[in-house]
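Residue numbers for the sequence shown follow the numbering used here, beginning at 10 and rising by one. Cβ coordinates follow ideal geometry from the N, Cα and C atoms, glycine included. Structure first, commentary second.
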Amino acid sequence: MAYKDVYESWKASPEDFWMQAAGGIDWIKPPSKAFFDQGPAGEWFADAMVNTCWNAVDRHVEAGRGDQLAIIHDSPITHSYRGITYRELRDRVASLAGALRAKGIEKGDRVIIYMPMIPEALEAMLACARLGAIHSVVFGGFAANELAVRIDDAKPKALIAASCGLEPGRVVHYKPLLDKAIDLAAHKPDFCVVFQREQEVAELIEGRDVAWHSFQYGVEPAECVPVEGNHPAYVLYTSGTTGQPKGVVRHTAGQLVALNWTMPNIYGINAGDVFWAASDVGWVVGHSYICYGPLIAGATTIVFEGKPVGTPDAGTYWRVCQNHKVKSFFTAPTAIRAVKREDPNGELIKDYNLRNLQAIFLAGERADPDTIQWLEDKLKLPVIDHWWQTETGWAIAANPFGIELMPVKKGSPSVPMPGHDVQVLDEGGNPVEAGVLGAIAIKMPLPPGTLPTLWNAEDRFKKSYLSHFPGYYETGDAGYIDEDGYLYIMARTDDVINVAGHRLSTGAMEEVLSSHPAVAECAVIGVADTLKGQMPLGFLCLKKGVETPEDQVIKEVVKMVRDRIGPVAAFKSALVVDRLPKTRSGKILRATMAKIADGEEFKMPATIDDPVILDEIAGVLKGAGYGTD
Ligand code: COA
Ligand code: AMP
């Protein structure tokens, strides 16, 4: 079947399409129908009974894949390699789940997971899934304060952490961060499970902390607990406009059906194949394509603890692809830009035999045509950009490689996937003509596997996504669709920026900056960066009479962002200005400032209060070396 036929078959009858896709899942009680018009956005397969861990692990052992590797851990940072078969994974997860159950974890309880890229992170996720507990994984690059915010929102009964993470040349001390987060949070978990790594053994707090291995001693392994199709599988926090992150909820059955559909149809991956997503379990890519997607499909997934460059060199990606016979490889464009910068002629690629590799998938930020061209030239393989969000859990638009490789148009993530009726709308909510820029929206309902709501925040869910364009989900991205139906994602419509494929809130950074005693007012924008796509840049208006030297204030706010949000914010620069440009209603003109910083043409906003301030800002930016290329 061609893509067009598949997409049309979905459009003709979404119910039949998704019920057929549901055939790939082992149900305890099959769904009576696909779509349920309930909840704020509709729900999928709500009356089914099912278990995610069974589908991701146990059923493959039953089907004779027990000896196949489920997980390969490849860590150039620790120079180690380890494989875990599906049988071993089942036994390890059942034991961990049994120990969690013995400590009181039950269906519906929340468990926060704060772990680096080690197989135990996936085992912790799967153990929660086995019990019907709702996990919330927090990225290791966030600071204690961010972890505390998530603890207070999710109210977990337990936290599962590792003693440390390993960044090149630096040990990330997880345990002190965990302790500090629990101190800061109003909610206190009943207990913490700590996986002790040999690189740093953490001190446990008696009565609260238990060690990963010893707390499993002598426990009864847990069987898979049946849950409803609309039972939350997890909550994953993502950046919004304010400092309070949004808890994206994922329902169990929708995720199973959708991810199982994507593995062969988008990624060309079937049971027995090796799939690698070089991301982190703390991001949605890690949830969908390091943990659940490949395992649900019975493939082998790779947990990579390293960087595209420097661990030890820019050939690492190709070594992993060669050594583990990776068939489809998924990474972020920023990582490829890092590789290209170190190895512009692709000399290191020649050292490896990549005959198993069939395609490379890029997501997380816009894939710039130069990066795609470089990869195509060097690898002579399809390079596929696809577009999605934490909220959607899987690709809204992609080149459906597993169905057919459509002509690649560089700069476009290609065409909508089944389930997504993507429209470009004007401010009034009317679809615009091909080629015209507008807000990208998806006609409701969204397909299985996408967010049905936000955790404990239904009103915020409706306000953030459903109310601006009634009948549509607002993606927060702007772009256009060309005459051939290809999508182009050009920018965010909100104050979210994308730094090295990481989604960050400028609002959250502004909250930190404005808490500095010398700062009267501030703004943070994303400026173009050749490696990371964007980098945050702060603007500070200082209070009258402040005696602290400007450089000192800047140093202090940089440190504050690192301490409060985390190193992942990559906040390194700020400029002191007299005033900030605003509209007459007082809204800071961040988008215009970003255009000036990037040296782009801009239209003077009609609502600007005092245009002279823009000249002042341009002068300061120029003085600091921005906007001059
Ligand atoms: N735990 C703790 N700290 C982390 C971390 C983690 N899991 N991940 C990143 N950090 C830290 C880094 O060490 C760095 O700290 P530093 O300021 O002390 O150097 C900081 O956060 C910024 O990290 P990053 O933006 O990743 O920059 P980098 O300079 O370390 O590496 C790239 C640049 C391009 C190599 C890197 O960003 C990369 O591999 N990106 C891939 C993006 C990706 O996979 N995105 C997921 C979405 S698909
Ligand atoms: P996240 O929720 O962290 O996955 O970030 C989602 C956002 O990243 C999207 O809303 C886009 O702004 C951006 N993004 C992700 N993938 C792409 C892509 N392929 N092309 C353009 N932008 C992308």
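Within the DSSP bridge table, the entry for P590 names no partner. Counting the other Cβ atoms within 10 Å of the Cβ of I86 gives 16 or more, which makes it buried. Remark: C-beta atoms of M124 and A171 approach each other more closely than 7 Å. The three-state reading of DSSP puts M569 in helix, counting H, G and I together. Residue pairing by DSSP places L434 opposite P440 and A448 in a beta bridge. Annotation for R375 indicates a beta carbon within 6 Å of some heavy atom of the ligand AMP. A30 places its beta carbon less than 7 Å from that of V266. Residue state for Y497 is assigned as strand, using DSSP reduced to three classes. In the same chain as V586, and ignoring 5 residues on each side of it, the C-beta atoms closer than 8 Å to its own belong to F548, L549, C550, E625, I626 and V629, in chain order. Distances between the C-beta of E155 and the heavy atoms of the ligand COA are all 6 Å or more. Close CB contacts of K184 within its chain, under the 6 Å cut and outside five residues either way in sequence, are with S172 and A211 (chain order).
Judged by the Cβ position, I498 qualifies as a neighbour of the ligand AMP at the 6 Å threshold, a heavy atom of the ligand being closer than this. For A286 against F339, the beta-carbon gap comes to about 4 Å, under 8 Å, which counts as contact. Taking 7 Å as the cut-off, the beta carbon of M58 is found closer than this to the beta carbon of P235. For Q543, the secondary structure class from DSSP, reduced to helix, strand or coil, is strand.
Distance from the CA of S223 to the CA of F204, rounded to the nearest whole angstrom, comes to 10 Å. Excluding sequence positions up to five before and after S84, its CB lies within less than 6 Å of the CB of E314, all in the same chain and listed in chain order. The stretch 10–44 contains, as complete alpha helix (DSSP H) runs of 4+ residues, the segments 12–21 and 23–31 (chain order). A distance criterion of 6 Å places the beta-carbon of G149 in contact range of the ligand COA, judged by its closest non-hydrogen atom. Burial check for V445: the Cβ neighbour count within 10 Å stays below 16, so the residue is exposed. Remark: the C-beta of V621 is outside contact range of the ligand AMP, defined as less than 6 Å to any heavy atom. Under DSSP, T310 forms a beta bridge with I80 and F284.
Secondary structure at C201: strand, using DSSP grouped into helix, strand and coil.
Residue range T515 to S523 is occupied by the alpha helix (DSSP H) that includes E519, with no beta strand (DSSP E) assigned at that position. Between the alpha carbons of L388 and I617 lies a gap of roughly 49 Å. The ligand AMP has no heavy atom closer than 6 Å to the beta-carbon of D504.
Per DSSP, the continuous alpha helix (DSSP H) segment holding P342 begins and ends at P342 to E351. Per DSSP, the unbroken beta strand (DSSP E) holding G488 starts and ends at Y481 to I490. When the beta-carbon positions are compared, A308 and D352 stay at least 7 Å from each other. At a cut-off of 6 Å, the beta-carbon of V445 does not count as near the ligand AMP: no heavy atom of the ligand is closer than that.
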